[in-house]
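**Student:** Please read through the structure below; I'll follow up with questions.
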Amino acid sequence: MGAISPNSFAQSAIKQANSPFSKLGFGTMFTPSFSAVGTMGGLGYGYRNLSNINMVNPAALGALRFTTLETEIGFTNLRVSNSALQKSESGEGNIRYFAFGFPLRTKYEKQADNQNLDPALKNALTEKASIRSKLIQGWGLSFGLMPFNSRNYDLTDKKWHPDLDTITYRFVGSGQSYQFFAGTGYTYKGFSAGGSISYVFGTLRERSIETPGNESDANLFSTVLQSEDKLGSFIWRAGLQYQHQFDNSVLTFGVAGHSNTALNSTNNAAWYQAKRSLDQVLLFDTAYTQQTVEGQFTIPQQIGFGVAWQHQNRLRLMADMQAEQWSQFAKYGQPDATVQNSQRYAFGFEYVPDPRAITKLFRSTQYRFGAFYHAGNLLAKAQPVKAFGASVGLGLPLRRNNSRINLAVEFGQRGNHADNGLRETYVMGKLGLTLSDIWFRRYKYE
3 MGAISPNSFA QSAIKQANSP FSKLGFGTMF TPSFSAVGTM GGLGYGYRNL SNINMVNPAA
63 LGALRFTTLE TEIGFTNLRV SNSALQKSES GEGNIRYFAF GFPLRTKYEK QADNQNLDPA
123 LKNALTEKAS IRSKLIQGWG LSFGLMPFNS RNYDLTDKKW HPDLDTITYR FVGSGQSYQF
183 FAGTGYTYKG FSAGGSISYV FGTLRERSIE TPGNESDANL FSTVLQSEDK LGSFIWRAGL
243 QYQHQFDNSV LTFGVAGHSN TALNSTNNAA WYQAKRSLDQ VLLFDTAYTQ QTVEGQFTIP
303 QQIGFGVAWQ HQNRLRLMAD MQAEQWSQFA KYGQPDATVQ NSQRYAFGFE YVPDPRAITK
363 LFRSTQYRFG AFYHAGNLLA KAQPVKAFGA SVGLGLPLRR NNSRINLAVE FGQRGNHADN
423 GLRETYVMGK LGLTLSDIWF RRYKYE
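When you number the sequence shown by the working numbering, it's gap-free, plus one each residue, and the end is 448.
Spelled out as structure tokens, the structure:
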């Protein structure tokens with residue numbers, strides 16, 4: 003990756019943040035972690051909750067007891083610097099996801115009071131059926147829209163040539179893909195299984211501009227290559243969970259992932275001669291070479307494992323590990339030298355002082371913390387682009403049925419000067435909403 007031009011970064015607070023590392027591999031990938039899990043390290047293979055949607059492991063959908071709507075707005079400030087201490091900032095603000103989930107079937111067995119039964123569910127069951135019960139069978143469904151990946155970079159590099167003095171290279175990338183997903187999970191006693199399917203769609207654009215000579219000379223011409231990938235294909239995911247209840251706590255193990263997936267794409271590429279300036283490229287002639295190619299991106303195998311421990315609905319601890327086989331990634335059948343196999347590790351916890359104190363805001367608030375480390379699936383200067391971060395957040399109760407406003411701040415870094423020549427540091431603010439209620443439900447008991 004070349005030197006950074008300080009003027010090459012967008013300053014808009016509504017566009018995508020300019021990330022040079024999104025030029026590598028398949029760009030910046032979105033982790034499908036929603037508000038609660040996203041603040042606790044960002045994975046959640048062992049996470050399950052009666053009023054939160056978990057698409058990292060769709061097996062958790064079998065635990066849904068409430069009809070739930072989840073959405074989140076994110077605001078990111080990204081600072082990029084190079085080894086020459088040049089710096090630039092950019093920002094973005096967007097709706098990160100929208101998801102809707104609900105239970106299709108619930109079956110309970112009569113039992114005495116159980117400390118591990120969520121207070122909101124106890125209240126709901128008491129109101130609806132005048133009984134406190136233990137779930138033995140559940141079936142849940144969820145669908146929604148969230149990002150899949152993105153590119154957004156603007157880089158300038160200069161190289162000296164004995165005949166042409168200086169050659170200036172500019173690389174520009176933009177675009178984002180999304181996934182419309184639907185998932186289901188089924189629970190029988192302590193075992194859960196689930197799966198999801200997503201339709202990935204969107205357009206990723208890249209442009210490279212090569213300009214010989216003195217960049218202040220307006221009479222020179224640039225060679226421009228424009229490339230556009232239009233995505234449209236399905237990708238699947240499956241998962242399992244097992245939950246064991248103790249007297250005052252619950253332990254959950256989870257595993258989920260997907261195999262290599264062929265993501266269909268159409269590439270349109272064109273080469274132009276342009277009368278140039280670095281700030282604005284004016285097309286001088288029609289494309290003298292143009293081609294359209296249909297092919298595939300090979301999305302590599304991914305598998306993750308997680309464990310979660312919950313004590314009396316007050317304390318929840320989670321730990322996860324995710325393995326990514328990015329050496330299997332390919333563009334239209336061609337391997338990519340900018341990626342490698344990698345692992346991601348995450349840890350998080352959530353604490354509620356008194357989950358029964360529904361009328362007391364601070365005692366019924368969920369206090370969350372999480373951290374992650376990514377060994378780096380991208381390669382810059384032949385070295386892995388490692389990433390790490392931490393987040394803190396709150397789940398503020400709205401009503402007694404587990405609806406919440408979720409607030410979080412995440413700090414992180416990707417890459418470093420010594421190994422990669424570039425370093426990205428970011429601060430991300432998140433405002434999420436979880437609306438949960440009991441709709442269209444009849445209880446069945448054994």
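The C-beta atom is built at its ideal place from N, Cα and C for all residues, glycine as well. Source: prediction; values computed, not measured.
1. According to DSSP, is G103 helix, strand or coil?
2. Taking the alpha carbon of Y274 as the reference point, which residue from T225, A240, I237 has its own alpha carbon closest?
3. Just to confirm the assignment, what range does the beta strand (DSSP E) spanning R239 have?
4. Assuming V1 and S393 make a contact with CB atoms under 8 Å, what is their CB distance in whole Å?
5. Buried or exposed for Y428, please, with buried defined as at least 16 other CB atoms from any protein chain shown within 10 angstroms of its CB.
6. Specify the secondary structure class of V39 as computed by DSSP and reduced to three states.
7. Check for me: the beta strand (DSSP E) holding R67 runs from which residue to which?
8. Looking only at its own chain, which residues have a Cβ that is under 6 Å from the Cβ of K446, when we skip the five neighbours before and after it?
9. Sort A373, S405, N404, K160 by Cα distance to F390 and report the nearest one.
10. Within 10 angstroms of the Cβ of P337, are there 16 or more other Cβ atoms? Answer buried if so, exposed if not.
11. Mind checking Q314: buried by the 16 CB within 10 Å criterion, or exposed?
12. State the DSSP-derived secondary structure class of A19, mapped to helix, strand or coil.
13. Going by DSSP, name the residue or residues bridged to N151.
14. So, are the CB atoms of F193 and G146 less than 8 Å apart?
15. What number of angstroms, rounded off, separates the C-alpha of G187 from the C-alpha of Y347?
16. So, helix, strand or coil for F364, using DSSP?
17. Does the separation of the CB atoms of Q324 and Q303 fall below 8 Å?
18. Whose C-beta lies closer than 6 Å to the C-beta of L317 among residues of the same chain, with five residues either side of it excluded?
19. Classify Y155: buried if its beta carbon has 16 or more other beta carbons within 10 angstroms, exposed otherwise.
20. What residues in its chain sit with their C-beta under 6 Å from that of T367, if we drop five residues either side in the sequence?
21. Exposed or buried, which one is Y47 when buried takes at least 16 other CB atoms within 10 Å?
22. On the criterion of 16 or more Cβ atoms from any shown chain inside 10 Å, does L363 qualify as buried, or is it exposed?
23. How many Å lie between Q88 and D159 at the Cα?
24. Mind reading off the beta-carbon distance from S261 to L233? Whole number of angstroms is fine, and I expect it under 8 Å.
25. Does DSSP put S261 in a helix, a strand or coil?
26. How is the beta strand (DSSP E) around N422 delimited, first residue to last?
27. Quick check: what's the CA-CA separation for M57 versus H163?
28. With 8 Å set as the bound, which would you pick, yes or no: does the beta-carbon of R425 sit closer than that to a beta-carbon of chain C?
29. Would you mind giving the Cβ-Cβ distance between G140 and G177, rounded to the nearest angstrom? I have them listed as a contact below 8 Å.
30. Give me whichever residues DSSP pairs with P399 in a beta bridge.
31. Quick check: the Cα distance between F36 and S53, rounded to an integer number of angstroms?
32. Between S252 and G306, which are expected to be in contact by the criterion C-beta below 8 Å, what is the C-beta distance as a whole number of angstroms?
33. Which residue's Cα is closest to the Cα of A86: T436, I440, L433, N418?
34. Mapping the DSSP letters down to three states, classify A62 as helix, strand or coil.
35. Classify Q304 as helix, strand or coil using the three-state DSSP reduction.
36. Can you pull the DSSP bridge partners for S438?
**Tutor:** Looking at the atomic coordinates:
1. strand
2. T225
3. 223-247
4. Any property of residue 1 remains undetermined from this structure, which presents the chain solely from 3 to 448.
5. buried
6. helix
7. Per DSSP, R67 belongs to no beta strand (DSSP E) and is neither H nor E.
8. Only weak support exists for where K446 lies, its pLDDT of 49 falling under 50; the coordinates are left without a value.
9. A373
10. exposed
11. exposed
12. coil
13. M31, S179
14. no
15. 25 Å
16. helix
17. no
18. Y353
19. buried
20. L396, L398
21. buried
22. exposed
23. 13 Å
24. Contact flag wrong, Cβ pair sits at about 19 Å.
25. coil
26. Premise fails: N422 lies in the alpha helix (DSSP H), 419-422, not in any beta strand (DSSP E).
27. 52 Å
28. Checking the listed chains, one finds no chain C in this structure; it contains a single protein chain.
29. The pair is not a contact, with the Cβ atoms about 39 Å apart (cut-off 8 Å).
30. R406
31. 12 Å
32. According to the sequence provided, residue 252 is Val. The question's Ser does not apply to it. Between G306 and V252 the Cβ distance is about 20 Å, and since that is not below 8 Å, they are no contact.
33. N418
34. helix
35. strand
36. T70
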